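Note sheet for the following structure.
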Amino acid sequence: MRSRRERRNGWNRGSSKLLRVIVLYDGAHFIRGRTYFRHYMGQGWIDLSELHRFLSTEAANRIGTSPKLTKIVQAHFYDGRASTRAVNGRSLEKERRFEMELLKTGIVPHYLPLIEKAKPATHPGDQAYELSQKGVDVALAVDAVRFACEDRCDACVLVAGDGDFAPLARVLSGLGKPTMVAHFSYPEWIDGRGIKHGRMYASTELLEAATWSLDLVAAANDPNLGEKIASLFSKPNGDGLVRRTGSVA
170 MRSRRERRNG WNRGSSKLLR VIVLYDGAHF IRGRTYFRHY MGQGWIDLSE LHRFLSTEAA
230 NRIGTSPKLT KIVQAHFYDG RASTRAVNGR SLEKERRFEM ELLKTGIVPH YLPLIEKAKP
290 ATHPGDQAYE LSQKGVDVAL AVDAVRFACE DRCDACVLVA GDGDFAPLAR VLSGLGKPTM
350 VAHFSYPEWI DGRGIKHGRM YASTELLEAA TWSLDLVAAA NDPNLGEKIA SLFSKPNGDG
410 LVRRTGSVA
C-alpha cells in the first residue's frame, strides 16, 4: 500500500512510465560540501556525472520504480559571482574550471552578482571586499515552480540545506512533484592551511517538508554503499583527474 505522502504526490509505485527528474543545486551549499569531501575527508572532488547517476538511482528506489526507467532530464546550478575587482586570478581560474565541469555534465549555471562591500585590506594599498549573496534562493525557487507547472518533470532533487527552501518543497509536493533533498551535514573543521570552516547541516523544517532526504556525508560513510560511493570521487593527478574504481548500479 502506498503511503499518504506517495498518494499525495501522485506517482504509482511500479509504474512502467519514464520517471523524469530535475536536479536543482543551491551552489553555496554544494560548493561547501564538495570542499569538505576534498580537503577534510580526502575522498577527492565529487564527479558530477557520477553524482547524477547516484541521485537518479536513489530517486528511483525511493519512489518505487526501476533506475532504468529514471532519467535526469534537466539540472540547474544557482550561485553568486563576484566581479573581477573582488577576487584574485587564482579564484577566477578555479571558478572557470568548475563552470566547465558544469557545462560538460549538462548542468545549466545561473549566476547572480554578489553584493560587494569594501573592507580594510590586509596589505596597505590593496582593496578587499566583503561578499554577500542575495536573490539566489528566489531564482532557484521561481524556476523550480515554473518547471513543475510546465510539467517538465515528475520529481525533483534539491541539493540544499537552507530552511528557506521548505516552502518550495511544500509547493512542489502540492503540485504533485515529490522532492528529495540531498544535503551535506558535518561538524566544524579546519583545513590544512589552518582555516576554520563552519558546520553544515540541513534545516529540520526543510527535511520535514521534503518527500525524502539524503545525507550525502552519511551515505559516503555507509559501508553498505561501497563501490557506489567510491565512484563519486575523482582525485587530482597533475592536470587531469583519475576516477576511483567503482560504478553506480
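Residue numbering for the sequence shown follows the numbering used here, starting at 170 and increasing by one per position. C-beta atoms are modelled at their ideal positions from N, C-alpha and C, and glycine is treated no differently. Small disclaimer: the values here were computed from a predicted structure and weren't measured.
Among the options, whose alpha-carbon lies nearest the alpha-carbon of residue i?
{"i": "Gln-212", "options": "Ser-218, Glu-219 and Arg-203", "result": "Arg-203"}
{"i": "Ala-229", "options": "Asp-295, Lys-263, Asp-331 and Thr-239", "result": "Thr-239"}
{"i": "Glu-268", "options": "Asp-248, Asp-333 and Met-369", "result": "Asp-248"}
{"i": "Ser-372", "options": "Ile-364, Ala-351 and Ile-284", "result": "Ala-351"}
{"i": "Met-369", "options": "Ser-252, Leu-188, Phe-223 and Gly-332", "result": "Gly-332"}
{"i": "Lys-365", "options": "Arg-189, His-208 and Leu-188", "result": "His-208"}
{"i": "Leu-341", "options": "Thr-380, Arg-231 and Gly-330", "result": "Thr-380"}
{"i": "Ala-388", "options": "Lys-288, Leu-224 and Val-190", "result": "Leu-224"}
{"i": "Glu-219", "options": "Gly-275, Ser-235, Gly-345 and Leu-188", "result": "Gly-275"}
{"i": "Phe-316", "options": "Glu-264, His-245, Leu-394 and Leu-376", "result": "His-245"}
{"i": "Leu-300", "options": "Leu-309, Asp-306, Leu-261 and Pro-282", "result": "Pro-282"}
{"i": "Val-256", "options": "Phe-334, Glu-270, Met-349 and Ile-284", "result": "Ile-284"}
Can you tell me where the alpha helix (DSSP H) holding residue i begins and where it ends?
{"i": "Asp-306", "result": "305-318"}
{"i": "Glu-377", "result": "373-378"}
{"i": "Leu-341", "result": "335-343"}
{"i": "Leu-385", "result": "385-389"}
{"i": "Ala-114", "result": "Summary: the structure shown does not reach residue 114, with the chain confined to residues 170 through 418, and so no result is reported for it."}
With a 10 Å radius around its C-beta and 16 neighbouring C-beta atoms as the bar for buried, classify residue i as buried or exposed.
{"i": "Asp-320", "result": "exposed"}
{"i": "Lys-186", "result": "exposed"}
{"i": "Ser-403", "result": "buried"}
{"i": "Lys-397", "result": "buried"}
{"i": "Val-326", "result": "buried"}
{"i": "Gly-196", "result": "buried"}
{"i": "Arg-176", "result": "At Arg-176, the pLDDT of 39 sits below 50, so the modelled position is not reliable; the number obtained from the coordinates is stated separately. Label assigned to Arg-176: exposed."}
{"i": "Ser-382", "result": "buried"}
{"i": "Pro-347", "result": "buried"}
{"i": "Arg-254", "result": "exposed"}
{"i": "Cys-318", "result": "exposed"}
{"i": "Arg-291", "result": "Per the sequence shown, residue 291 should be read as Thr rather than Arg. Thr-291 should be labelled exposed."}
{"i": "Leu-272", "result": "exposed"}
{"i": "Glu-357", "result": "exposed"}
{"i": "Ser-400", "result": "buried"}
{"i": "Ala-297", "result": "exposed"}
{"i": "Ala-287", "result": "exposed"}
{"i": "Ile-359", "result": "exposed"}
{"i": "Gly-363", "result": "exposed"}
Can you give me the start and stop residues for the beta strand (DSSP E) that residue i sits inside?
{"i": "Thr-204", "result": "Thr-204 -> not in any beta strand (DSSP E); alpha helix (DSSP H) instead, spanning 196-208."}
{"i": "Ala-297", "result": "297-301"}
{"i": "Leu-426", "result": "Absent from the structure is residue 426, since the part of the chain shown begins at 170 and ends at 418."}
Should residue i be counted as a contact of the ligand GDP given a C-beta to heavy atom distance under 6 angstroms?
{"i": "Ser-372", "result": "Absence of the ligand GDP is noted for the structure shown, with no ligands found whatsoever."}
Under the DSSP definition of a beta bridge, which residues are partnered with residue i?
{"i": "Ser-382", "result": "Val-350"}
{"i": "Arg-189", "result": "Lys-240"}
{"i": "Tyr-355", "result": "Met-369"}
{"i": "Ile-215", "result": "Phe-402"}
* Any chance you could list the beta strand (DSSP E) runs of at least 3 consecutive residues sitting entirely within the stretch 233-294, in chain order? => 239-250, 277-282 and 284-288
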